[in-house]
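Undergrad: The opening residue of the sequence shown carries number 5 in the numbering used here; numbering runs sequentially from there.
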Amino acid sequence: MFRRRKKFEPFTFIGVDDDRDLEVYRPERAARKHFRHEVGLLLRDILFAAAFAVLVIVFLVQPVKVEGSSMLPRLHDGERIFVNKLVYYGLPELARGDIVVFWFPDEPSKSYIKRVIGLPGETIEVRDGRILINNRELVEPYLDPQRNVARVNEPAHRIKNHYYFVMGDNRDRSSDSRDWGLVPEKYIYGKALFRFWPFNVAGIIRHETEYKELPSALPNNDVPVMDDSGSSDEQ
Numbered sequence: 005m006f007r008r009r010k011k012f013e014p015f016t017f018i019g020v021d022d023d024r025d026l027e028v029y030r031p032e033r034a035a036r037k038h039f040r041h042e043v044g045l046l047l048r049d050i051l052f053a054a055a056f057a058v059l060v061i062v063f064l065v066q067p068v069k070v071e072g073s074s075m076l077p078r079l080h081d082g083e084r085i086f087v088n089k090l091v092y093y094g095l096p097e098l099a100r101g102d103i104v105v106f107w108f109p110d111e112p113s114k115s116y117i118k119r120v121i122g123l124p125g126e127t128i129e130v131r132d133g134r135i136l137i138n139n140r141e142l143v144e145p146y147l148d149p150q151r152n153v154a155r156v157n158e159p160a161h162r163i164k165n166h167y168y169f170v171m172g173d174n175r176d177r178s179s180d181s182r183d184w185g186l187v188p189e190k191y192i193y194g195k196a197l198f199r200f201w202p203f204n205v206a207g208i209i210r211h212e213t214e215y216k217e218l219p220s221a222l223p224n225n226d227v228p229v230m231d232d233s234g235s236s237d238e239q
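(1) Could you tell me which of Met-171, Ile-103, Leu-136 and Asn-165 sits nearest to Tyr-193, measuring between CA atoms?
(2) Let me confirm a value: Pro-223 is counted as buried when at least 16 other C-beta atoms fall within 10 Å, else exposed. Which label applies?
(3) Is Val-120 closer than 9 Å to Phe-169 when the C-beta atoms are compared?
(4) Within its chain, find whatever has a CB closer than 6 Å to the CB of Glu-212; leave out the 5 residues flanking it on each side and keep chain order.
(5) In the DSSP output, what is Trp-184 paired with across the bridge?
(6) For the structure I just gave you, are there three or more beta carbon pairs, one from the segment 82-92 and one from the segment 165-183, closer than 8 Å?
(7) Comparing alpha-carbon positions, which option in His-41, Phe-200, Ile-128 and Ala-57 lies nearest Met-171?
(8) In angstroms, rounded to a whole number, what distance separates the CA positions of Leu-123 and Ala-55?
(9) Apart from the five residues on each side of it in sequence, which residues of its chain come closer than 8 Å, Cβ to Cβ, to Val-130?
(10) Does the beta carbon of Val-120 sit closer than 9 Å to a beta carbon anywhere in chain D?
(11) Only counting runs of 3 or more residues, tell me where the beta strand (DSSP E) segments fall wholly within the segment 120-148, in order along the chain.
(12) Ala-154 to Arg-134, Cα distance in whole Å?
(13) Look at Ile-85 and Phe-198 and say whether their C-beta atoms are less than 9 Å apart.
(14) Would you tell me roughly how many angstroms separate the C-alpha atoms of Asn-139 and Gly-185, rounded to the nearest one?
(15) Identify the continuous beta strand (DSSP E) that holds Arg-100 and give its terminal residues.
(16) Would you check if the distance between the CB atom of Pro-67 and the CB atom of Tyr-191 is smaller than 9 Å?
(17) Pull up the distance between the alpha-carbon of Arg-151 and that of Val-70, whole angstroms please.
(18) Are the Cβ atoms of Val-205 and Glu-83 separated by less than 9 Å?
(19) Should Ala-196 and Leu-79 be called a contact, given that it needs their Cβ atoms to be closer than 9 Å?
(20) What whole-angstrom Cβ distance do Val-65 and Ala-160 have, given they're in contact under 8 Å?
(21) Quick one: Cα of Arg-40 to Cα of Glu-32, how far?
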């Protein structure tokens with residue numbers, strides 16, 4: 005008549021030490037830990053970026069401010085450019101038409117920016133304002149005729165090995181190799197690469213090196229060798 009009650013076992017037995025391995029989640033502590041981790045990553049990235057920037061500036065590129073009007077119309081006073089410093093190590097080899105930055109031979113504490121016109125071993129002459137390399141006229145489309153009205157003449161000279169003849173594009177307002185002589189190769193520390201200021205004219209700087217192909221220099225003992233002071237050594 006009476007049914008026997010079933011015996012129910014307890015679900016489980018809870019001991020007094022069962023919760024000792026449980027970690028109580030505290031949002032504030034987790035947030036601080038996450039913040040410290042993110043700050044550490046940020047500092048690491050900043051250090052890596054700074055080290056990379058130092059390596060780039062020391063070995064690859066350098067910002068330079070253009071001062072004066074000797075490179076008009078290509079470069080203007082006050083513009084900022086980056087120069088490729090690898091040319092100091094011969095990478096790449098300098099070519100005619102390259103715009104370069106160098107220490108002024110007469111006062112190495114100063115820097116000048118000019119265009120490479122004559123290469124080592126070549127014979128260069130200025131005739132009525134025109135440049136002749138190895139007795140062949142150099143085509144210079146980068147010049148502004150309004151800024152080059154003076155018809156100056158310079159006698160033919162041979163350029164010494166490891167030296168360069170440089171000129172400004174604004175020929176009437178440029179102090180260059182016509183005045184103070186050749187630039188030693190070791191004094192050239194940068195090639196104009198990129199204009200970054202003002203922003204509205206930012207961009208890669210062209211060098212017109214497509215006009216570099218001219219006849220090779222021929223030995224001519226009748227042509228004096230120009231030295232780095234602008235004078236000639238009769239040989």
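Cβ atoms here follow ideal geometry from the backbone N, Cα and C, with glycine treated the same way.
TA: Short version:
(1) Comparing Cα-Cα distances from Tyr-193 to each of Met-171, Ile-103, Leu-136 and Asn-165, the minimum goes to Ile-103.
(2) Per-residue confidence for Pro-223 stands at a pLDDT of 48, beneath the threshold of 50, marking its modelled position as unreliable; the derived number appears in the next sentence. Label assigned to Pro-223: exposed.
(3) yes
(4) Gly-101 and Tyr-146
(5) BP columns for Trp-184 are empty, so no partner.
(6) Judged by pairs of C-beta atoms under 8 Å, the segment 82-92 does not touch the segment 165-183, as fewer than three such pairs exist.
(7) Ile-128
(8) 37 Å
(9) Leu-136, Val-156, Asn-157, Glu-158 and Arg-182
(10) No chain D is present in this structure, which holds just one protein chain.
(11) 127-131 and 134-137
(12) 10 Å
(13) yes
(14) Just so you know, the alpha carbons of Asn-139 and Gly-185 end up roughly 20 Å apart.
(15) Looking at the DSSP string, Arg-100 is not in any beta strand (DSSP E), and its letter there is neither H nor E.
(16) no
(17) 18 Å
(18) yes
(19) yes
(20) Contact doesn't hold; Cβ gap of about 37 Å is too wide.
(21) 12 Å
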